[in-house]
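Chains as they are written, first to last, in our numbering: chain A, 1 to 139; chain B, 1 to 139; chain C, 1 to 139.
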Amino acid sequence: MWQQTEITLKARSRGFHLITKEICQQLVVLPQIDCGILHLFIKHCSASLTINENADPTVRTDMENHLNIITPEKAPYFQHTDEGDDDMPAHIKSSLLGASVSIPITFGQLNLGIWQGIYLGEHREHGGSRTIIATIHGE
Amino acid sequence: MWQQTEITLKARSRGFHLITKEICQQLVVLPQIDCGILHLFIKHCSASLTINENADPTVRTDMENHLNIITPEKAPYFQHTDEGDDDMPAHIKSSLLGASVSIPITFGQLNLGIWQGIYLGEHREHGGSRTIIATIHGE
Amino acid sequence: MWQQTEITLKARSRGFHLITKEICQQLVVLPQIDCGILHLFIKHCSASLTINENADPTVRTDMENHLNIITPEKAPYFQHTDEGDDDMPAHIKSSLLGASVSIPITFGQLNLGIWQGIYLGEHREHGGSRTIIATIHGE
Numbered sequence: 001m002w003q004q005t006e007i008t009l010k011a012r013s014r015g016f017h018l019i020t021k022e023i024c025q026q027l028v029v030l031p032q033i034d035c036g037i038l039h040l041f042i043k044h045c046s047a048s049l050t051i052n053e054n055a056d057p058t059v060r061t062d063m064e065n066h067l068n069i070i071t072p073e074k075a076p077y078f079q080h081t082d083e084g085d086d087d088m089p090a091h092i093k094s095s096l097l098g099a100s101v102s103i104p105i106t107f108g109q110l111n112l113g114i115w116q117g118i119y120l121g122e123h124r125e126h127g128g129s130r131t132i133i134a135t136i137h138g139e
Numbered sequence: 001m002w003q004q005t006e007i008t009l010k011a012r013s014r015g016f017h018l019i020t021k022e023i024c025q026q027l028v029v030l031p032q033i034d035c036g037i038l039h040l041f042i043k044h045c046s047a048s049l050t051i052n053e054n055a056d057p058t059v060r061t062d063m064e065n066h067l068n069i070i071t072p073e074k075a076p077y078f079q080h081t082d083e084g085d086d087d088m089p090a091h092i093k094s095s096l097l098g099a100s101v102s103i104p105i106t107f108g109q110l111n112l113g114i115w116q117g118i119y120l121g122e123h124r125e126h127g128g129s130r131t132i133i134a135t136i137h138g139e
Numbered sequence: 001m002w003q004q005t006e007i008t009l010k011a012r013s014r015g016f017h018l019i020t021k022e023i024c025q026q027l028v029v030l031p032q033i034d035c036g037i038l039h040l041f042i043k044h045c046s047a048s049l050t051i052n053e054n055a056d057p058t059v060r061t062d063m064e065n066h067l068n069i070i071t072p073e074k075a076p077y078f079q080h081t082d083e084g085d086d087d088m089p090a091h092i093k094s095s096l097l098g099a100s101v102s103i104p105i106t107f108g109q110l111n112l113g114i115w116q117g118i119y120l121g122e123h124r125e126h127g128g129s130r131t132i133i134a135t136i137h138g139e
């Protein structure tokens, strides 16, 4: 069985956001899959998807602060600056973290570890709503 | 054909470890797949999976040393510190490197490059055993 | 339907290169897939695949310059140096960016965002031609 769904995430502030519940609510065929894979792909190159800790919100804050150290604004060699100081760092973060995650499905559920959740990395100050393509495939 | 296997990796020291053989030994249906994909997912957010050089152990040492420079312990802005100095850097490394790898299967074998192997990134001092979900899908 | 194709990319200079068209030209079954996934895997550990901005070439230059800051040559702790100063940084970049990308296929086309393209990250000075395994699966 294949199912593909376009999911629109509401606009969020710059930083990392836990979106596991919001995603799962839209995966209506998930309970029917005994064995499969969920593939999530974000159709933007200034945001990212990643898997990380689902309990303590300071993990998301620390992640944002550290990614800003690794990929600071206003690096003197940046040439792609017309769309704002947050734009080129956002592109680099999106490649470091990735545009997609894929998660095993086992007996109708995402087979995530107990502490794992799905993060949206919003790397722009005003990124607006974001579009994700969710592709479920399994049997 | 779909097959899903839970693989338990023994506890390993902090750093990068080549696990290609240990993974392949548990993929009993691999020889039956002419064309497919192996998806490996680690159910933890302080460890990671990645593909890298399979021959020289100093690559793994250099990787560990450099990741420790990129993501040092005791950054002054870290708030998520209750579980030890190695915890928040481990979370960041797990997102930079990723929780999953997917590898093409061709004529019953992983279609890796001659120098490629599967690495476990163990980012905690005492991470304990780690669980991987291996999903094979192909024909 | 499954289809696997080995794609040989011509040798390119160190840096990031947009390869979307070159890849798509070789995916002959793509128009027949209503719903599926394209998986691209590079069989090398000193190059990478990632998704990023497809319009402004300075994004690729800025990406290269910034990755060279994150992962500089001649770090004093590097032991894996026999194959040149660019070798160990190339291995680290390949793990940070990743060896594979997977992209949803919708009604015969890659379902990329309007600004997204497929990048080859060539991390060696003289990496030579590079081999990619393209696996298409869908219905």
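Just so you know, even glycine gets a beta-carbon here, dropped at the ideal spot from N, CA and C.
Residue-level contact by beta carbon fails for M1 of chain C and chain A, as no gap is shorter than 8 Å. Only those residues of the segment 72 to 88 of chain A whose C-beta falls short of 8 Å from the nearest C-beta of chain C are listed: A75, Y77, F78, Q79, H80 and M88.
The C-beta of T135 of chain A comes closer than 8 Å to at least one C-beta of chain C. Under the three-state reduction of DSSP, I92 of chain B is assigned to helix.
For A47 of chain C, the CB contacts under 8 Å within the same chain, skipping 5 residues up- and downstream, are A90, S94, L120, G121, E122, H123, R124, G127 and R130 in chain order.
When 8 Å is used as the limit between beta carbons, F41 of chain A is near these residues of chain C: S102, I103, P104 and N111, in chain order.
Looking at A:T58, A:E6 and A:V29, the one whose alpha-carbon comes closest to that of I105 of chain A is A:V29.
Less than 8 Å separates the beta-carbon of F41 of chain C from that of I132 of chain C.
Taking a C-beta distance under 8 Å as the contact criterion, E139 of chain A and D62 of chain A do not qualify as a contact pair.
With a 10 Å radius around the Cβ and a threshold of 16 neighbouring Cβ atoms, G117 of chain C comes out buried. Listed along chain B, the residues sitting closer than 8 Å to Q116 of chain A by beta-carbon distance are K43, H44, C45 and A99. At a Cβ-Cβ threshold of 8 Å, E53 of chain C and W115 of chain C count as neighbours. Sequence-distant partners of T81 of chain B (beyond 5 residues in either direction) whose C-beta falls short of 6 Å from its own C-beta are missing from its chain.
For I70 of chain C, the nearest CB of chain B lies under 8 Å from its own CB, placing it at the interface with that chain. Using a CB distance cut-off of 8 Å, I92 of chain C counts as an interface residue toward chain B. Take the alpha-carbon of F16 of chain B and the one of N111 of chain C: they are about 35 Å apart.
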